[in-house]
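Residue numbers (this note's numbering), protein chains in the order written: chain X, -3 to 144; chain U, -3 to 144.
Everything below concerns the one structure shown next.
Protein chains: 2
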Amino acid sequence: MKPVKEIAHTISASGLKITPQRIAVIQALEKLEHPRAEEIIREVSEHIPGLSPTTVYNTLDVLVSKKIIRKVHTEADVMRYDAIPDHHHHLYCMQSDRMDDYFDPELDSLLEDYFRKKNIKGFKLKEIKLQLMGEFENKERTVIEKNA
Amino acid sequence: MKPVKEIAHTISASGLKITPQRIAVIQALEKLEHPRAEEIIREVSEHIPGLSPTTVYNTLDVLVSKKIIRKVHTEADVMRYDAIPDHHHHLYCMQSDRMDDYFDPELDSLLEDYFRKKNIKGFKLKEIKLQLMGEFENKERTVIEKNA
DNA sequence: TTTCAACTTGTAATCATTACAATATAGAAA
DNA sequence: TTTCTATATTGTAATGATTACAAGTTGAAA
Ligand SMILES: [Mn+2]
Ligand SMILES: [Mn+2]
Ligand SMILES: [Zn+2]
Ligand SMILES: [Zn+2]
Chain X
-3 MKPVKEIAHT ISASGLKITP QRIAVIQALE KLEHPRAEEI IREVSEHIPG
47 LSPTTVYNTL DVLVSKKIIR KVHTEADVMR YDAIPDHHHH LYCMQSDRMD
97 DYFDPELDSL LEDYFRKKNI KGFKLKEIKL QLMGEFENKE RTVIEKNA
Chain U
-3 MKPVKEIAHT ISASGLKITP QRIAVIQALE KLEHPRAEEI IREVSEHIPG
47 LSPTTVYNTL DVLVSKKIIR KVHTEADVMR YDAIPDHHHH LYCMQSDRMD
97 DYFDPELDSL LEDYFRKKNI KGFKLKEIKL QLMGEFENKE RTVIEKNA
């Protein structure tokens, strides 16, 4: 896990104040792969009793706006967050709602080459994101049922 | 625009009853590229006075479950719907929230080849969806501001 | 140490979506 | 064509994630 000192530096480097809440949110985000806000609130609350859910939402927003973390969208209707701000793709299983990171520089340059030749009329391409839909062999995360 | 007869047949072929609401929802979906539920409600209401929003939500759900239409996810937090159930990708502009369909069989076979060779450990790939992020030259759809 | 803009907190909205129960209707059967 | 009923629609009331707001707290600059 990333040392607190490094996390603090990242926060500070974006002109934000270093607070226990912000550090804990980033740590939770690294620990809980692609978590929902609610999971982060639960995890961070263990470290910071009295934590307000509002703070987590605010913190997530501010970290996204500073590009320290990212939002990720899935088939489910709740937002999820990504500790990794750099370019990468995702493996996603609709049944289990599990999502894994997928890095593939070879694929990226293949796609870059393809779109360098074939350019799309009226559209300036900035970033290509792949959602690789499928099934994991051993499912981990399971869809959280309502009222379960 | 697709004739009512064809739409009715599609509905019926999935074992659903043909209703004016369902036909109008599908027509609205074809007219309003990748609309949100609220836009569909507004459009369909012009043709069917007294329409209940609940009906539109129900109808959209049932059409998705029968694979007559699709849900699509954007950077915004509201769901959007797609009249085209077949495999295709999307061009998307975060600033304007505009989204266009993108069909590219050449790209699809390129990707198929790539992933036929390079298979991902512990993951059975089913479908590849590209979100092509960028900017349209002439922006059409504009982000709908809260309370605007 | 002092100072104050930036943060956090709790409570109360918001708002897209869903649950539910009553009513209406498509379309199969008679 | 009329009857019948499973299916569909409607209106109203939840739900639940997220946001707004105002009051109190604190990080860190000076
Ligand atoms: Mn912990
Ligand atoms: Mn119209
Ligand atoms: Zn990721
Ligand atoms: Zn589409």
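Beta carbons: idealized from backbone N, C-alpha and C, even for Gly.
Note that this is a predicted model, so its numbers are computed, not measured.
Against chain X: residues of the stretch 119 to 137 of chain U by CB proximity under 9 Å: Phe119, Lys120, Leu121, Lys122, Glu123, Ile124, Lys125, Leu126, Gln127, Leu128, Met129, Gly130, Glu131, Phe132, Glu133, Asn134
Proximity to Thr55 (chain X) [Cα-Cα], best of X:Asp73, X:Thr70, X:Tyr77, X:Glu71: The residue labelled residue 55 (chain X) in the question sits at position 59 within the first sequence. When each option's Cα is compared against that of Thr55 (chain X), the closest is X:Tyr77.
Could you tell me the boundaries of the beta strand (DSSP E) in which Asp97 (chain X) lies? Taking the first residue of the first sequence as 1, we reach residue 97 (chain X) at position 101. Start and end: 95 to 98.
Using the three-state DSSP reduction, which class does Ile65 (chain X) fall into: helix, strand or coil? For the purposes of this step, residue 65 (chain X) is taken as the residue at position 69 of the first sequence. If DSSP states are grouped into helix, strand and coil, Ile65 (chain X) belongs with coil.
Min CB distance Leu103 (chain U) to chain X below 9 Å: Indexing the second sequence from 1 puts residue 103 (chain U) at position 107. For Leu103 (chain U), the answer is yes, since a Cβ of chain X falls inside 9 Å of its Cβ.
Tell me which residues share the same chain as Glu2 (chain U) and place their Cβ nearer than 7 Å to its Cβ, disregarding the 5 neighbours each side in the sequence. On the second sequence, position 6 is the one that residue 2 (chain U) refers to. The answer is none, since no qualifying residue turns up.
Report, in whole angstroms, the separation of the C-beta atoms of Ile64 (chain U) and Leu126 (chain X), which I expect to be a contact under 8 Å. To locate residue 64 (chain U), count along the second sequence from 1; it is residue 68. To locate residue 126 (chain X), count along the first sequence from 1; it is residue 130. That belief does not hold up - the Cβ atoms of Ile64 (chain U) and Leu126 (chain X) are roughly 26 Å apart, past 8 Å.
Since I believe Val68 (chain U) is in contact with His84 (chain U) (beta carbons under 8 Å), could you give me their beta-carbon distance rounded to a whole number of angstroms? Position 88 of the second sequence, counted from the start, is the residue given in the question as residue 84 (chain U). Position 72 of the second sequence, counted from the start, is the residue given in the question as residue 68 (chain U). At roughly 10 Å, the Cβ-Cβ gap does not stay under 8 Å, so His84 (chain U) and Val68 (chain U) are not in contact.
Cβ-based neighbour list, Thr51 (chain X), same chain, cut-off 6 Å, excluding 5 preceding and 5 following: Here residue 51 (chain X) refers to the residue found at position 55 of the first sequence. Answer for Thr51 (chain X): Gln17, listed in chain order.
Residues of the stretch 49 to 72 of chain X with Cβ closer than 9 Å to any Cβ of chain U, in chain order: Lys67, His69, Thr70, Glu71
If you run the structure through DSSP and keep just helix, strand and coil, what is Glu57 (chain U)? Numbered from 1 along the second sequence, position 61 holds the residue referred to as residue 57 (chain U). Note that residue 57 (chain U) is Asp in the sequence shown, not Glu. Residue state, collapsed to three classes: helix.
Comparing the CB of Ile80 (chain U) with every heavy atom of ligand 4, is any distance shorter than 8 Å? In the second sequence, counting from the first residue as 1, residue 80 (chain U) sits at position 84. Result yes, Cβ under 8 Å from ligand 4.
Is any heavy atom in ligand 4 found nearer than 8 Å to the beta carbon of His69 (chain U)? For this step, residue 69 (chain U) is matched to residue 73 along the second sequence. No, since every heavy atom of ligand 4 falls outside the 8 Å radius drawn around the Cβ of His69 (chain U).
Any beta-carbon of chain X closer than 9 Å to the one on Tyr110 (chain U)? By one-based count along the second sequence, residue 110 (chain U) stands at place 114. Closer than 9 Å: yes.
Is Asp96 (chain U) near ligand 3, judged by its Cβ being under 8 Å from some heavy atom? Reading the second sequence from its first residue, position 100 is the one you call residue 96 (chain U). No; taking the cut-off as 8 Å, the Cβ of Asp96 (chain U) has no heavy atom of ligand 3 nearer than that.
Would you say the beta carbon of His84 (chain U) comes nearer than 8 Å to a heavy atom of ligand 4? Start at 1 with the first residue of the second sequence, and residue 84 (chain U) comes out as number 88. Yes, the Cβ of His84 (chain U) comes within 8 Å of a heavy atom of ligand 4.
Tell me the residue span of the alpha helix (DSSP H) that contains His5 (chain U). The sequence position of residue 5 (chain U) within the second sequence is 9, counting from 1. Where His5 (chain U) is concerned, the enclosing alpha helix (DSSP H) stretches over 0 to 9.
Nearest-angstrom Cβ-Cβ length linking Gly145 (chain U) and Glu71 (chain X), presumed shorter than 8 Å: The requested residue 145 (chain U) is not part of the displayed model; chain U covers only -3 to 144.
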